[in-house]
Amino acid sequence: MSQTYDTKQNLQHEVLFKREHTNPILTAADWPYPVNTVFNPGAVILEDGTTLLLCRVEDRSGLSHLCAARSKNGVTNWVIDKTPTLLPDPTNYPEEYWGIEDPRITYLPEKGEYAVAYTSYSMSGPAVSIAMTKDFREFDRVGMVLPPINKDAALLSHKIGDKWAMIHRPTTSKYSHIWISFSPDLNHWGDHELILCARRGPWWDSDKVGLSCPVIKTPEGWLMIYHSVRQTASGSIYRIGLALYDLGCHLTCLRRSNTWVLSPEEDYERKGDVGNVVFPCGYTVAEDGDTIRLYYGGADTCVAMATGSISQLLRWLHENGHHPEPNEFSLKESNYV
Ligand code: BMA
0 MSQTYDTKQN
10 LQHEVLFKRE
20 HTNPILTAAD
30 WPYPVNTVFN
40 PGAVILEDGT
50 TLLLCRVEDR
60 SGLSHLCAAR
70 SKNGVTNWVI
80 DKTPTLLPDP
90 TNYPEEYWGI
100 EDPRITYLPE
110 KGEYAVAYTS
120 YSMSGPAVSI
130 AMTKDFREFD
140 RVGMVLPPIN
150 KDAALLSHKI
160 GDKWAMIHRP
170 TTSKYSHIWI
180 SFSPDLNHWG
190 DHELILCARR
200 GPWWDSDKVG
210 LSCPVIKTPE
220 GWLMIYHSVR
230 QTASGSIYRI
240 GLALYDLGCH
250 LTCLRRSNTW
260 VLSPEEDYER
270 KGDVGNVVFP
280 CGYTVAEDGD
290 TIRLYYGGAD
300 TCVAMATGSI
310 SQLLRWLHEN
320 GHHPEPNEFS
330 LKESNYV
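Residue numbers for the sequence shown follow numbering that gives the first Met the number 0, beginning at 0 and rising by one.
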């Protein structure tokens, strides 16, 4: 495994995500009703070209719900739903007792619907729930599909073989790794496989890794943007890295970035309710099929956006990633369980 110190990579890092100069693009001050913070939005471009962000909104009780913001250009003039778009429903879904968080949106062409995978915060810890929608006004809950402790889930847009696939992040120990599971019906999930491990030691992705946004289908494979957590003496740092998986049945990891591609640097990422956090849950791709806008939470307080290029990300990953050795993801390596 080429987990060696690479001087070139560290001295001359390439900026892959260019922050929007008007960041943060959304804050609590923009909300039409009283809230504490808005962050970690799922993102999608609707049929009419409107960008929709489904934001995690934390109210002044500390619990979160989801609220949609729409914009013609994806940057300014957001029209925000006057009231919460999707509230927790603990009466019918007790796993939502402490709120719903971090939505990740995947359009499923086969169903003609969006699948929203989100964290349902149960009294036993965070779990993975799915709701389906056609218009982000009415939602049909599938319900809790993976029990606590699990989060950071998103569906793949297309079936693998004859099964739906979902990437998620169970917590198995002090360390948390990324898994994939498969389902015939979006409700029952199995055939679990470990697909990305936290690296341990002083690495930037040493303690936890989790999926950031739904994976992006490219001719070279599924491109994954993931977040990492490194614990330090003064708290956690949440950063962003890349991995690439083949388009086959088992999502074999082809490349993994050795360095991060986005890290908290600006004030709105460094300071807030939870400082030193960049946390994307969604992206949009422009009509050119290449320009990607990454929407992310800054310091658990605001919504920010950064622009990149899918072809540049792939090229960079080939030059600055490594091909994991088979035992890097082996359950037999007790290190990783
Ligand atoms: C994660 C999630 C995110 C949050 C991050 C930093 O575990 O809860 O919603 O942004 O922690 O607090």
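We put the beta carbon where it would ideally sit given N, CA and C, even for glycine.
Since the model is a prediction, treat every value here as computed from it, not as a measurement.
Note that the C-beta distance between residue 297 and residue 15 is not below 8 Å.
The shortest C-alpha to C-alpha distance from residue 98 to any of 128, 112 and 113 is the one to 128. Looking at 46, 48, 70 and 79, the one whose alpha-carbon comes closest to that of residue 55 is 79. Where residue 249 is concerned, there is no enclosing beta strand (DSSP E), because DSSP gives it neither an H nor an E.
Secondary structure in the region 168-226: the beta strand (DSSP E) runs of 3 residues or longer, each lying completely within the stretch, are 177-182, 189-195, 207-210 and 215-217 in chain order.
Looking at the DSSP output, residue 54 bridges to 66. Counting only the Cα atoms, residue 123 lies some 28 Å from residue 239.
With contacts defined by Cβ atoms closer than 8 Å, residue 301 and residue 26 form a contacting pair. Taking 8 Å as the cut-off, the beta carbon of residue 224 is found closer than this to the beta carbon of residue 241. At a threshold of 7 Å, residue 296 counts as near ligand 1, since its beta carbon sits closer than that to one of the ligand's heavy atoms.
Under DSSP, residue 131 takes part in a beta bridge, and its partners are 114 and 139. Apart from the 5 residues on each side of it in sequence, residue 315 sits with its Cβ closer than 7 Å to the Cβ of 13 and 15 in its chain, given in chain order. Taking C-beta separations shorter than 7 Å and ignoring five residues to either side along the sequence, the partners of residue 190 in its chain run 180 and 181, following chain order.
The Cβ-Cβ distance between residue 253 and residue 220 falls below 8 Å. Residue 29 has its alpha-carbon roughly 19 Å from the corresponding atom of residue 60. Annotation for residue 100: the continuous beta strand (DSSP E) segment containing it runs 99-107.
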